[in-house]
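In this note's numbering, the protein residues as written are 89 to 279. Have a look at the structure below before the remarks.
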């Protein structure tokens with residue numbers, strides 16, 4: 089096999105793998121800068137080789153398009169991996185941010201950062217990724233900032249039926265926390 093064919097196959101493989109869905113022949117042909125007939129021949133050769141090498145993936149043809157997918161005999165192995173529960177690690181920063189959102193929702197990122205005293209972009213984004221927090225519209229104010237709130241997954245993970253079931257904050261404890269925060273700010277100002 090020539091180096092040029094290997095290069096073209098690599099491009100086709102990368103395109104099909106990355107797209108994750110069927111790609112029209114004309115788009116693949118444009119990517120490798122060849123005509124459709126040549127492109128189809130190259131892909132058919134790849135399909136034959138994938139089959140003969142007993143690979144875990146294959147290329148299928150769908151109405152003048154091609155898609156890379158898993159061979160059906162590999163499904164049971166995929167299911168084993170997919171069934172494993174995802175592990176999410178909630179750092180102290182993320183828990184603090186989640187607490188603010190849970191008790192103050194809907195809340196803007198700026199309000200979260202005002203309470204925490206530091207940027208919270210990463211924590212909010214991770215909480216969204218973990219499906220514990222979601223966007224709940226926009227505040228009707230200049231800049232129309234996003235509002236964040238907790239999700240149904242948050243309730244499920246933390247074992248509460250509704251936000252009303254979240255533990256209340258003891259007024260006396262809240263006052264103590266405020267005093268500690270004010271003392272901490274005062275110390276920083278004196279340094």
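Note that the Cβ used here is the ideal one computed from N, Cα and C, for glycine as well. Computed from a predicted model, the values in this text were never measured in an experiment.
Separation of the CB atoms of residue 195 and residue 243 is rounded to 17 Å, and the pair is thereby denied contact status at 8 Å. Here residue 216 is actually not in contact with residue 204; their C-beta atoms are around 17 Å apart, not less than 8 Å.
By the CB criterion at 7 Å, residue 105 and residue 156 fall inside the cutoff.
The Cβ neighbour count for residue 179, taken over all protein chains shown within 10 Å, is under 16; the residue is labelled exposed. Listed in chain order, the non-local C-beta contacts of residue 97 below 6 Å within the same chain comprise 134, local neighbours out to five positions each way being set aside. When beta bridges are read from the DSSP output, residue 226 appears opposite 234. Taking the C-beta atoms as reference points, residue 153 is found no nearer than 7 Å to residue 185. Beta bridge pairing from DSSP links residue 149 with 154. Here residue 102 is exposed: its Cβ has fewer than 16 other Cβ atoms, across all protein chains shown, within 10 Å. Using a Cβ distance threshold of 7 Å, residue 110 and residue 150 count as a contacting pair.
Put simply, of 229, 233 and 238 the residue whose alpha carbon is nearest the alpha carbon of residue 219 is 238.
The C-beta distance from residue 100 to residue 131 rounds to 6 Å, short enough to fall under 8 Å. The shortest C-alpha to C-alpha distance from residue 197 to any of 176, 177, 223 and 183 is the one to 223.
Its chain contains 113 as the residues whose beta carbon lies nearer than 7 Å to that of residue 128, once the 5 sequence neighbours on both sides are disregarded; these appear in chain order.
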